[in-house]
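Under the working numbering, the first residue of the sequence shown is numbered 147, with each subsequent residue one higher. All remarks here apply to the structure that follows.
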Amino acid sequence: MDCFITGTDTGAGKTLVTRALLHALAVHHPRVAALKPIAAGLGQYDGETLNEDVALLRQAASARLALDLINPYAFAAPTAPHLAAAAAGVRIEVDLIAQRYRLAQAHTQVLLVEGVGGWCLPLNEQQMLSDLVKALALPVILVAGIRLGALNHTLLSVRAILADGCALIGWVANIVDPSYLYAQATVAALQARIQAPLLGTVPWEVGGDPRVVAAHLARAGELLATPRSRVQKGEADG
Ligand SMILES: Nc1ncnc2c1ncn2[C@@H]1O[C@H](COP(=O)(O)OP(=O)(O)OP(=O)(O)O)[C@@H](O)[C@H]1O
Ligand SMILES: [Mg+2]
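So, in structure tokens, the structure goes:
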């Protein structure tokens with residue numbers, strides 16, 4: 147099943163969780179990949195000018211996809227996408243991303259799509275990130291960065307995802323502050339207030355190794371391993 151990975155904020159752990167999910171999915175499928183349709187901020191990776199998330203996601207994928215499918219919009223300015231796009235004289239087009247997504251689907255069994263920043267994010271003067279998620283008809287997994295403030299960020303994100311008419315199929319608690327003593331209590335408080343299932347709790351792993359993280363996300367891996375055709379058929383059956 148394809149899925150959109152959003153987070154409570156930038157740095158919540160979307161890329162780390164997405165890379166870990168690719169490892170978890172590799173047990174079930176030989177051809178999986180992740181897209182980062184919109185990326186802001188570029189660096190040098192293996193002699194190529196790329197966004198860091200794009201380089202990491204491409205490396206973690208078992209299906210090889212062309213860069214213009216993985217990342218149609220790469221902006222130099224390390225800022226909010228619609229500002230970075232404006233600085234580059236470009237308008238982010240949801241239709242173009244949807245077209246590249248469909249092409250990438252043809253080469254993969256499961257596609258994960260990493261968002262950008264948090265949930266309430268403008269893409270252009272008319273559209274928000276949720277318009278992209280709806281255009282791709284993707285269910286959503288929310289990565290909650292667990293630190294002081296996570297209750298507010300996570301509960302607001304859940305409300306916004308549902309209010310935007312998107313399907314939240316689960317959330318991941320990612321401990322991003324190893325010194326926060328109330329991380330487990332915070333996760334429990336969130337679990338009691340979020341209807342969607344908690345798909346895994348990722349401890350703070352020094353170095354953030356996605357293979358180690360994958361061991362904490364087996365439930366998410368199993369959920370996403372459901373073949374696309376079966377999900378579509380299930381939806382058609384109502
Ligand atoms: N549980 C963790 N243990 C150790 N390091 C972590 C953990 N979660 C995240 N990190 C590290 O924190 C940083 C931010 O995580 P990540 O890049 O996955 O966030 P993001 O939500 O994708 O951010 P962005 O908005 O920039 O895409 C990375 O260096 C990552 O390796
Ligand atoms: Mg990222």
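Just so you know, even glycine gets a beta-carbon here, dropped at the ideal spot from N, CA and C.
Checklist entry - With distances taken from CA atoms, which of N320, I315 and A329 is nearest Q341? => result The residue you call residue 341 lines up with position 195 of the sequence shown. Put simply, of N320, I315 and A329 the residue whose alpha carbon is nearest the alpha carbon of Q341 is I315.
Next on the checklist: Quick check: is any heavy atom of ligand 2 less than 7 Å from the C-beta of D192?
Outcome noted: Along the sequence shown, read from residue 1 onward, the residue named residue 192 stands at position 46. False, no ligand heavy atom lies under 7 Å from that Cβ.
Checklist entry - Just curious, the alpha helix (DSSP H) that Q205 is in, first and last residue? => result What you label residue 205 is simply residue 59 of the sequence shown in a count that begins at 1. Element bounds for Q205: E198 to A206.
Checklist entry - Which residues in the same chain have their Cβ closer than 7 Å to the Cβ of L211, if we skip the five residues on either side of it in sequence? => result Here residue 211 refers to the residue found at position 65 when the sequence shown is read from its first residue. So the list reads A179, A250 and H253, once near-sequence residues are dropped.
Checklist entry - Considering only residues of the same chain and omitting the five flanking positions on each side of R365, which have a CB-CB separation below 7 Å? => result By 1-based counting over the sequence shown, the position of residue 365 is 219. Setting aside the 5 residues that flank it on each side, R365 is surrounded in the same chain by L345 and G346, each with a C-beta closer than 7 Å to its C-beta; the list follows chain order.
Item to check | Exposure label - D125; buried when at least 16 CB within 10 Å | outcome: The question about residue 125 has no answer, for the chain in this structure spans 147 to 384.
Next on the checklist: Going by DSSP in three states, Q190 sits in which element: helix, strand or coil?
Outcome noted: What you label residue 190 is simply residue 44 of the sequence shown in a count that begins at 1. Strand at Q190.
Checklist entry - Does any heavy atom of ligand 2 sit closer than 7 Å to the C-beta of D355? => result Here residue 355 is taken as the residue at index 209 of the sequence shown, counted from 1. Of the heavy atoms belonging to ligand 2, none sits nearer than 7 Å to the Cβ of D355.
Checklist entry - So what's A382 in DSSP terms, helix, strand or just coil? => result The sequence position of residue 382 within the sequence shown is 236, counting from 1. Any reading at A382 must be qualified, since the residue scores a pLDDT of 40, below 50, and its modelled position is unreliable; the value itself is stated next. Here A382 carries a helix assignment [DSSP, helix/strand/coil].
Item to check | Spatial distance of A231 from L308 (CA atoms) | outcome: Working through the sequence shown from its first residue, we reach residue 231 at position 85. Working through the sequence shown from its first residue, we reach residue 308 at position 162. Those two C-alpha atoms are separated by around 27 Å.
Item to check | Chain-order list of residues whose beta-carbon lies under 7 Å from that of H228 (same chain, five-residue window excluded) | outcome: As a working note, residue 228 is residue 82 in the sequence shown. Once the five neighbours on either side are set aside, the close Cβ partners of H228 are I238, P268, L269 and N270.
Checklist entry - Within the present structure, is the beta-carbon of G159 separated from the nearest heavy atom of ligand 1 by less than 7 Å? => result Within the sequence shown, residue 159 is the residue found at index 13, counting from 1. For ligand 1, at least one heavy atom lies less than 7 Å from the Cβ of G159.
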